[in-house]
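S.K.: Okay, handing you the structure first.
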Amino acid sequence: INVHSVNGSVCSLDLKLNVKSLILFMLYMRCVYCSVSDPPVLHSDLDAQRVSNGTPATWDAQVLNCSEDASVRTQDWFRRLDPRFHQFVLHRHCRYFPMIINHPEKCADGEVHLLMVVKSVIEQHDRREAVRRTWGREHTVDGKKIRTLFLLGSPTTGKDTKNLQKLIEYENRIYGDILQWDFMDTFFNLTLKEVNFLKWFDIYCSGVRFIFKGDDDVFVNTQNLLELIGFKVEERRDANLFVGDTISKAIPIRNRQSKYYIPKELYDKPYPPYVGGGGFLMSSQLARRLFVVSEDLELYPIDDVFLGMCLQKLHLSPEMHAGFRTFGITRRRVSPMNSEPCFYKNLIVVHKLSAQELIRMWNVVHDEDLVCAQRTSI
C-alpha cells in the first residue's frame, strides 16, 4: 500500500473529453507552472454533524499504519490459498485510510435529495467528464438538489504516479467533486471504496435523502430515477430502499481465469442476494445501517457481494427492478438493441458505455425530435 504526500502547485491546462492519460502527462509537462491562491481540500478538519453512535465528527484516519497480519501465515488454509489473494488476506483488517482529497461541504448547503456517487480510477478522466456532462451534472429539479461525487484511490505504483496525482488535484480544483483515499486503486480494493464511503457519508451527509451509486461507464436516466424515488416515497417504501439489478442464488466463480475467481479457501458458501455494482439506488437511512453492520464483517474482495452480505446481516434483500440493466440491455454486446435510444428512454441504468457512447446516447435520448411510437419493452 502506497503512502505519499502531495505538494506543489499545478498548471492550467485544457482537459478535453477524449484526452487519454498519456496525453495529459505530456500537456502537464509542457505547461508553465503557475501560482494558485487556494489549494485543493486536503485532509480537511471541517466539522460536520455526528450521525451514528461512536462516529467521529471529522475523518479520523489520519495516519496509515497497515502492517500485515502475520498470524494468518501460520494457517493451513492460507498456505493453500492462491497467491494472488495473499496481500488481500494479509491486510484485510486495514479498513479505513487517510483522505487525500475531501469535500465535507458537499452536503452542507441544506437537504440534498439525491447524491450521485461514482466509482472511478484516476486514469479515467474522459469517463468522469462524460458523466459530468450528462447524468452527473449537479442541478436542482423542482427544488430537489442533486449532487455528485467521484470515489478514487491512489495511483498504483509507477513512474507517473506524481503526475497523475497532480492532475487529479487540478481536476478537483475545477470541479470540486472528488473524494480520494490513500489506498491503491486496484480491483480487490473496490470494497475499501464501499466501506470508506459509507463512513464518510455517515460523518458528513446527514441531510441526504437518497444515494445512487454506480460506475463511471453507465448510462443513467435521471428523470426515471427521480420518478422511481417519488413512487417509493409515495408508497412509504423508501426507508429500507435498496434497488437494482439483483442477482440471486449465485455461487462463487471457481474458474481461475475469471476476474471474479474466488478460491474455496476464501469463501465456500452460496452468495446472498446482491445487486450488480454497475448502478443501484438506496435510501440514506439504509446506508447508515449498512455502515454500522459493515464494521463487523470481514472485507470481501468483490464489493457487490460484500454489500449483499451487509444486507443479509440486516435481514434484508435487495429489490429487483427491470429498469436497471447492469449487464447491458441484452447480454450480447453486438446486439443492435444496445444502441436503440428508445430503450434508454424507458430504462434507469444501462451498463456499459464508453465516454463517447454515453454523451451520444444522452444527447439522442434528450432530443425533442426523438419519437418512440410506444413504450419500448424488452
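With UniProt numbering, letter number 60 in the sequence shown gets 60, and the count goes up by one each step, no holes.
Just so you know, even glycine gets a beta-carbon here, dropped at the ideal spot from N, CA and C.
Fair warning: this is a prediction, and the values are worked out from it, not measured in the lab.
1. Helix, strand or coil: which one does DSSP assign to residue 379?
2. Between the stretch 315-325 and the stretch 271-282, do at least 3 Cβ pairs fall closer than 8 Å?
3. Measuring alpha carbon to alpha carbon, tell me which of Trp59, Leu164, Thr148, Ile146 ends up nearest Asp154.
4. Rounded to whole angstroms, what's the CA-CA distance from Met26 to Pro270? Just pull it up for me.
5. Over what stretch of residues does the alpha helix (DSSP H) that includes Tyr344 continue unbroken?
6. Which two residues bound the contiguous beta strand (DSSP E) that contains Arg147?
7. Nearest by alpha-carbon distance to Lys145: which of Ser206, Pro272, Leu114, Leu192 is it?
8. Can you tell me where the alpha helix (DSSP H) with Tyr170 in it begins and where it stops?
9. Can you grab the Cα-Cα spacing for the pair Tyr170 / Ile122, in whole Å?
10. Nearest by alpha-carbon distance to Leu226: which of Val305, Gly176, Asp238, Leu353 is it?
11. So Val131 and Asp245 are supposed to be a Cβ contact under 8 Å. How far apart are they, rounded?
12. Would you decide whether His139 is buried or exposed? Buried here means 16 or more other CB atoms lie within 10 Å of its CB.
13. For Val32, does the three-state DSSP call read helix, strand or coil?
14. Could you have a look at Phe327 and say whether DSSP puts it in helix, strand or coil?
15. Between Pro104 and Ala61, how many whole angstroms is the CB-CB distance? I'm expecting something under 8 Å.
16. For Glu319, write down the residues that DSSP places opposite it in a beta bridge.
17. Please state the DSSP three-state secondary structure of Gly214.
18. Between Phe85, Glu68, Arg73, which lies nearest to Tyr260 when the distance is taken from Cα to Cα?
19. Between the stretch 350-364 and the stretch 300-315, do three or more beta carbon pairs fall short of 8 Å?
20. Looking only at C-alpha atoms, which of Asn346, Met282, Val350 sits nearest to Ser317?
21. Do Lys352 and Val218 count as a contact pair if the criterion is CB distance below 8 Å?
22. Taking the straight line between their C-alpha atoms, what separation do you get for Arg147 and Trp77?
23. I'd like the list of long-range same chain contacts for Ser294, defined as Cβ closer than 7 Å, with 5 residues on each side in sequence excluded.
24. Under a Cβ-count criterion, where at least 16 other Cβ atoms within 10 Å of its own Cβ denotes burial, should His125 be classed as buried or exposed?
25. State the Cα-Cα distance for the pair Cys66 and Asp142, rounded to the nearest angstrom.
26. What residues in its chain sit with their C-beta under 6 Å from that of Val6, if we drop five residues either side in the sequence?
27. Do you know offhand how far Asn102's Cα is from Asp367's?
28. State yes or no: is the C-beta of Ile348 within less than 8 Å of the C-beta of Asn240?
29. Measure the C-alpha to C-alpha separation of Ile168 and Glu129 and round it to an integer number of angstroms.
30. Pick helix, strand or coil for Asp296, following the three-state DSSP scheme.
31. Go ahead and pull the three-state DSSP assignment for Ser283.
32. Per DSSP, what are the beta-bridge partners of Val261 in this structure?
33. So what does DSSP say about Ile122, is it helix, strand or coil?
34. Do Leu192 and Leu152 have their CB atoms nearer than 8 Å?
35. Quick check on Val63: does DSSP put it in helix, strand or coil?
36. Who pairs with Thr140 in a beta bridge, going by DSSP?
M.R.: In this structure, then:
1. As displayed, the chain neither begins before 1 nor continues past 378, which places residue 379 out of reach and without an answer.
2. The stretch 315-325 vs the stretch 271-282: in contact.
3. In the sequence shown, residue 154 corresponds to position 154, counting from 1. The sequence shown places Ser at residue 154, not Asp. Selected option, being the one with the closest Cα: Leu164.
4. Numbered from its first residue, the sequence shown carries residue 26 at position 26. Numbered from its first residue, the sequence shown carries residue 270 at position 270. Annotation note: pLDDT 43 at Met26 (below 50); position unreliable, coordinate value reported separately. Rounded to whole angstroms, Met26 and Pro270 show a C-alpha spacing of 48 Å.
5. In the sequence shown, counting from the first residue as 1, residue 344 sits at position 344. Counting along the chain, the alpha helix (DSSP H) containing Tyr344 begins and ends at 341-346.
6. Locating residue 147 in the sequence shown gives position 147, where the first residue counts as 1. In the DSSP annotation of this structure, the continuous segment of the beta strand (DSSP E) that includes Arg147 starts and ends at 144-154.
7. Along the sequence shown, one-based indexing puts residue 145 at 145. Of the listed residues, the one whose Cα sits closest to Lys145 is Leu114.
8. What you label residue 170 is simply residue 170 of the sequence shown in a count that begins at 1. Per DSSP, Tyr170 belongs to the alpha helix (DSSP H) from 161-175.
9. On the sequence shown, residue 170 is found 170 positions in, with the first residue counted as 1. On the sequence shown, residue 122 is found 122 positions in, with the first residue counted as 1. Approximately 12 Å between the Cα atoms of the pair.
10. Position 226 of the sequence shown holds residue 226. The candidate whose alpha carbon is nearest that of Leu226 is Asp238.
11. Taking the sequence shown and counting its residues from 1, one reaches residue 131 at position 131. Taking the sequence shown and counting its residues from 1, one reaches residue 245 at position 245. Incorrect: roughly 19 Å between the Cβ atoms, too far for contact.
12. On the sequence shown, position 139 is the one that residue 139 refers to. His139 is exposed by the Cβ-count criterion.
13. Within the sequence shown, the letter at position 32 stands for residue 32. Bear in mind that the predicted position of Val32 carries a pLDDT of just 29, short of 50, making it unreliable; the figure below should be weighed with that in mind. In the structure shown, Val32 adopts coil according to DSSP, grouped into three states.
14. As a position in the sequence shown, residue 327 is number 327, starting the count at 1. Phe327: coil per DSSP, three-state reduction.
15. For this step, residue 104 is matched to residue 104 along the sequence shown. For this step, residue 61 is matched to residue 61 along the sequence shown. With 8 Å as the limit, Pro104 and Ala61 do not qualify as a contact, their Cβ atoms being about 14 Å apart.
16. Counting from one through the sequence shown, the residue named residue 319 turns up at place 319. For Glu319, which the question treats as bridged, DSSP gives the partners Val243.
17. Start at 1 with the first residue of the sequence shown, and residue 214 comes out as number 214. In the structure shown, the three-state DSSP call for Gly214 is strand.
18. The sequence position of residue 260 within the sequence shown is 260, counting from 1. Tyr260 has its Cα closest to that of Phe85, out of Phe85, Glu68, Arg73.
19. The stretch 350-364 is not in contact with the stretch 300-315.
20. Residue 317 sits at position 317 when you count from the first residue of the sequence shown. Looking at the Cα atoms, Met282 is the closest of the given residues.
21. Residue mapping note: residue 218 aligns to position 218 of the sequence shown, counting from 1. Residue mapping note: residue 352 aligns to position 352 of the sequence shown, counting from 1. A contact, by the Cβ cut-off of 8 Å.
22. What you label residue 147 is simply residue 147 of the sequence shown in a count that begins at 1. What you label residue 77 is simply residue 77 of the sequence shown in a count that begins at 1. One C-alpha to the other measures close to 45 Å.
23. Numbered from 1 along the sequence shown, position 294 holds the residue referred to as residue 294. These residues qualify, in order along the chain: Val195, Leu198, Cys310.
24. Stepping through the sequence shown from its first residue, residue 125 is reached at position 125. Its Cβ being crowded by 16 or more others within 10 Å, His125 is buried.
25. For the purposes of this step, residue 66 is taken as residue 66 along the sequence shown, with counting starting at 1. For the purposes of this step, residue 142 is taken as residue 142 along the sequence shown, with counting starting at 1. Looking at the two C-alpha atoms, the distance is approximately 46 Å.
26. The residue you call residue 6 lines up with position 6 of the sequence shown. Because the pLDDT at Val6 is just 33, under 50, the model does not fix this residue reliably, and the point stays unresolved.
27. Locating residue 102 in the sequence shown gives position 102, where the first residue counts as 1. Locating residue 367 in the sequence shown gives position 367, where the first residue counts as 1. Approximately 36 Å, taken between the alpha carbons.
28. Translated into the one-based positions of the sequence shown, residue 348 becomes position 348. Translated into the one-based positions of the sequence shown, residue 240 becomes position 240. No, Cβ-Cβ distance for Ile348 and Asn240 is not below 8 Å.
29. Position 168 of the sequence shown holds residue 168. Position 129 of the sequence shown holds residue 129. In a straight line, the C-alpha of Ile168 is about 12 Å away from that of Glu129.
30. Against the sequence shown, residue 296 aligns to sequence position 296. Shown here, Asp296 sits in coil according to DSSP, grouped into three states, outside any helix or strand.
31. Residue 283 sits at position 283 when you count from the first residue of the sequence shown. Under the three-state reduction of DSSP, Ser283 is assigned to strand.
32. Taking the sequence shown and counting its residues from 1, one reaches residue 261 at position 261. Reading off the sequence, residue 261 comes out as Tyr, not Val. Tyr261 pairs with Ile253.
33. Walking along the sequence shown from the start, residue 122 turns up at place 122. Three-state DSSP puts Ile122 in coil, outside helix and strand.
34. In the sequence shown, residue 192 corresponds to position 192, counting from 1. In the sequence shown, residue 152 corresponds to position 152, counting from 1. Not a contact, by the Cβ cut-off of 8 Å.
35. For the purposes of this step, residue 63 is identified with residue 63 of the sequence shown, where counting begins at 1. Under the three-state reduction of DSSP output, Val63 falls in the coil class, being neither helix nor strand.
36. Within the sequence shown, the letter at position 140 stands for residue 140. In DSSP, Thr140 forms a bridge with Lys145.
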